[in-house]
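Heads up, the thing below is written out as structure tokens.
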Amino acid sequence: MRPGIALGPYPQREDLRDGWLDRAAAGLGGFIRQRVYGRSPGRGEFISLVDGEGQHLVALTDKEIRECVPDLRRRLYSEGLDEALVARSFAIIREISGRRLGMRPFDVQLLGGRVMLEGKIAEMETGEGKTLTATLPACTAALAGIPVHIVTVNDFLVMRDAAWMAPIYKFFGLSVGTITEGMAPEARRAAYACDITYGTNKQMVFDYLKDRLMLGRDTGHMRLQLEALHAEHSHASRLLLRGLCFVIVDEADSVLIDEARTPLIISNVGDTSQEEQVYAEAVTMARQMDTGSDFSIRPREHDVELTERGRRRATELAEPYGGLWMGPRRREELIRRALAALYLYQRDKQYLVRNGKVQIVDEYTGRVMADRSWERGLHQMIEAKEGCAITGQQETLARISYQRFFRRYLRVAGMTGTVREVAGELWSVYRLPVVTIPTNRPVRRRGMPDEVYLTAEEKWATVVDRLRRLQNEGRAVLVGTRSVAASEHLSALLSLAGLAHQVLNARQDQEEAEVIARAGERGRITVATNMAGRGTDIRLAPGVAELGGLHVLATERHDSRRIDRQLFGRCGRQGDPGSFQVVMSLDDEIFHDVFKPHAERLRQLFPRVGEPLPGWLGKLLVDLAQGIAERHHGRVRRELLRVDDQLSDLLAFTGRSE
-4 MRPGIALGPY
6 PQREDLRDGW
16 LDRAAAGLGG
26 FIRQRVYGRS
36 PGRGEFISLV
46 DGEGQHLVAL
56 TDKEIRECVP
66 DLRRRLYSEG
76 LDEALVARSF
86 AIIREISGRR
96 LGMRPFDVQL
106 LGGRVMLEGK
116 IAEMETGEGK
126 TLTATLPACT
136 AALAGIPVHI
146 VTVNDFLVMR
156 DAAWMAPIYK
166 FFGLSVGTIT
176 EGMAPEARRA
186 AYACDITYGT
196 NKQMVFDYLK
206 DRLMLGRDTG
216 HMRLQLEALH
226 AEHSHASRLL
236 LRGLCFVIVD
246 EADSVLIDEA
256 RTPLIISNVG
266 DTSQEEQVYA
276 EAVTMARQMD
286 TGSDFSIRPR
296 EHDVELTERG
306 RRRATELAEP
316 YGGLWMGPRR
326 REELIRRALA
336 ALYLYQRDKQ
346 YLVRNGKVQI
356 VDEYTGRVMA
366 DRSWERGLHQ
376 MIEAKEGCAI
386 TGQQETLARI
396 SYQRFFRRYL
406 RVAGMTGTVR
416 EVAGELWSVY
426 RLPVVTIPTN
436 RPVRRRGMPD
446 EVYLTAEEKW
456 ATVVDRLRRL
466 QNEGRAVLVG
476 TRSVAASEHL
486 SALLSLAGLA
496 HQVLNARQDQ
506 EEAEVIARAG
516 ERGRITVATN
526 MAGRGTDIRL
536 APGVAELGGL
546 HVLATERHDS
556 RRIDRQLFGR
566 CGRQGDPGSF
576 QVVMSLDDEI
586 FHDVFKPHAE
596 RLRQLFPRVG
606 EPLPGWLGKL
616 LVDLAQGIAE
626 RHHGRVRREL
636 LRVDDQLSDL
646 LAFTGRSE
């Protein structure tokens, strides 16, 4: 990527199209590359260059350092991201950060910044200061005239990080914009016009789709330049973004992998006057059908299959309604969606009902996605099931997956604490290498063996007893749950046991940072869903470190080992002591389709009530279940990318842009 802004009116990379052989070769290449190049970089030559530049800055005043910036900016703009110039930029940023923020980047943060500036993912342990690290490549690229986007996971972190790092950007004369929910188009356009723009992945993708709708097929650089010269109200003047140049993705595994299973869609709401009755009738009929004989449930595929008897039953149930219910294909599709709404989507797990509206809960973060809806009438079926007003099925205007969106940036970089498990996928999909950055201080986090019980009742009884003991010892404890329902169930059990605690789930998401920041206080129990305050430090109160630090107690394993590691990473930050353990049962969701049918046999083999399965067996079951789940989710992401490419080709053929 060349420095400077002369990259065309709307710079972006052309879509990368791979066949199955290309993807297989890229996956194998990514695996080999990770083994050879993914290790922690040494602290040698580059750190020496930065230290050498920094020695000259210590004796200078702020004014004298600022006078050096125009020359650095001019050279970066004209000569590019040369190693010596990058080292000089990093040295100035480190010195100013120490003076303005009281935080002087460590050597490992300099390494992380260099890795990101090269267009790679820096895997940095939780608590290693990724927010500050991002300023190093962001400032340097912006000084070179490259528009920079910094993507993070929610509006709170967007505003916090931009305000927190503002003194550094201000020193260099760089403008900073923020993109949050509810902003007017003019404000968004002004924010994207800044040198550095903070925003969430969702907001930036939707703004990009709006630009694509505005442009239609007229995306050629020459056409846009000519329009800007001759048209009073050209397309270019109404676009929100300036293009897709350089993006730094915080929590890169969450954004690029976990959320990549769901396409982003801009749609119009259709007329609901005739649909409400249809959805209500479908749910009524679905409630009269029997599991097993009329239909089978496939939870892992999130699908429902009608049996031959179920099809005949559907015909009988639909006969009194007439009309569209007489068409067999339409009838069976509607009833299948109604069955999915009834049996696969559970209140307080996949969604909440707030003020008479169904709101989706992100399964990876536990956060509410208030403006999202499920496709193809599923959302409306759930509204009918819950007795909510029907919102109307959406008519798709534009859609794109996260995979295709981020592959269109000229350069992508990222940072996260948990990504090595999917390094091969990151390379095969995004051509993004992963580099593990060493910790600034030795990690003192201590893991304890998993405990797997046969029933949920045994698990919850153990969790309550364990929390009582830990609270009596004065330990600070963060309890991880997988759903809103599970967090509230545990809260009720703790209240019955007389144990004081704080709950953090999608119902209390506004207080997230405040609640999680206090989780390190002596004797405090914090029950949280998977959000667990990512991006917010848990600082230990005086005396807690001497007791062993924060203890993380997970009550379920997630489908992905990375999500588990994110939760465990809440303890033992920056050399603090800490410990973690998982207490789970065969009733948990991860085991449901694989091992739950064999629970009775296991009980006969291991009849000791109230005691966990042998450690070797519990570990074997967990590894098998997580391996199956991770392979399934990987297939879902690959299928979404394939379908997205096919839809793009189809829409291009019809003359539409996406």
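The numbering of the sequence shown is my numbering, which starts it at -4 and goes up by one.
Just so it is clear, CB atoms sit at the ideal spot from N, CA and C, and this is done for glycine as well.
Computed from a predicted structure; not experimentally measured.
Here T302 is near F290, since their CB atoms are less than 8 Å apart. With fewer than 16 other Cβ atoms inside 10 Å of its own Cβ, E9 counts as exposed.
Boundaries of the alpha helix (DSSP H) around H484: V479 to L491. For the stretch 296 to 373, the continuous alpha helix (DSSP H) assignments of 4+ residues that do not extend past its boundaries occur at 303 to 313 and 323 to 338, in sequence order.
According to DSSP, residue pairing for R441 in a beta bridge involves S574. A79 and G49 do not touch by the CB rule: their CB atoms are close to 13 Å apart, not below 8 Å. Per DSSP, reduced to three states, the secondary structure at M284 is coil, with no helix or strand assignment. Inside the stretch 510 to 575, DSSP marks whole alpha helix (DSSP H) runs of 4 or more residues at positions 556 to 563, from first to last along the chain.
In the DSSP secondary-structure assignment, M376 is not bridged to any residue. By DSSP's assignment, S291 forms a beta bridge with E300.
Ranking V438, E416, G412 and R406 by CA distance to the CA of Y425 puts R406 first. Secondary structure at G475: strand, using DSSP grouped into helix, strand and coil.
Beta-carbon to beta-carbon, T130 and M154 are separated by about 16 Å, too far to satisfy the 8 Å threshold. Look at Y397 here: in three-state DSSP terms it is helix. The beta carbon of Y340 lies closer than 7 Å to those of Y346 and I377 in the same chain, with the five residues before and after it left out. If you draw a straight line from the Cα of E314 to the Cα of S396, it is about 40 Å long. D206 has its alpha-carbon roughly 47 Å from the corresponding atom of M579. Residue pairing by DSSP places Y448 opposite S580 in a beta bridge. V638 sits away from R256, with the two beta carbons spaced by 8 Å or more. By the beta-carbon neighbour count (other beta carbons within 10 angstroms, threshold 16), Q466 is buried. Within the model, the alpha-carbon separation for Y316 versus V429 is close to 57 Å. Here the alpha carbons of R552 and D445 stand approximately 10 Å from one another.
Pairing I261 with L204 gives a Cβ-Cβ distance under 8 Å. The three-state secondary structure of I243, taken from DSSP, is strand.
By the Cβ-count criterion, K115 is buried, with 16 or more other Cβ atoms from all chains shown falling within 10 Å of its own Cβ. The alpha-carbon separation between V171 and S490 amounts to approximately 46 Å. The beta carbon of C383 is closer than 7 Å to those of V348, G351, K352 and V353 in its chain, skipping five residues each way along the sequence.
Under the criterion of beta carbons closer than 8 Å, V148 and T195 qualify as touching, at roughly 7 Å.
Going by C-alpha positions, A82 is about 8 Å away from I42.
With respect to C134, S73 sits apart: the two C-beta atoms are not nearer than 8 Å. As the crow flies, the alpha-carbon of R463 is around 28 Å from that of R556. In this structure, S92 places its C-beta atom within 8 Å of the C-beta atom of L127. Partner residues in the beta bridge of H144, as assigned by DSSP, are T192 and V242. The alpha-carbon separation between P100 and R70 amounts to approximately 24 Å. Counting other Cβ atoms within 10 Å of its Cβ, T431 reaches 16 or more and is therefore classed as buried. Where L405 is concerned, there is no enclosing beta strand (DSSP E), because DSSP gives it neither an H nor an E.
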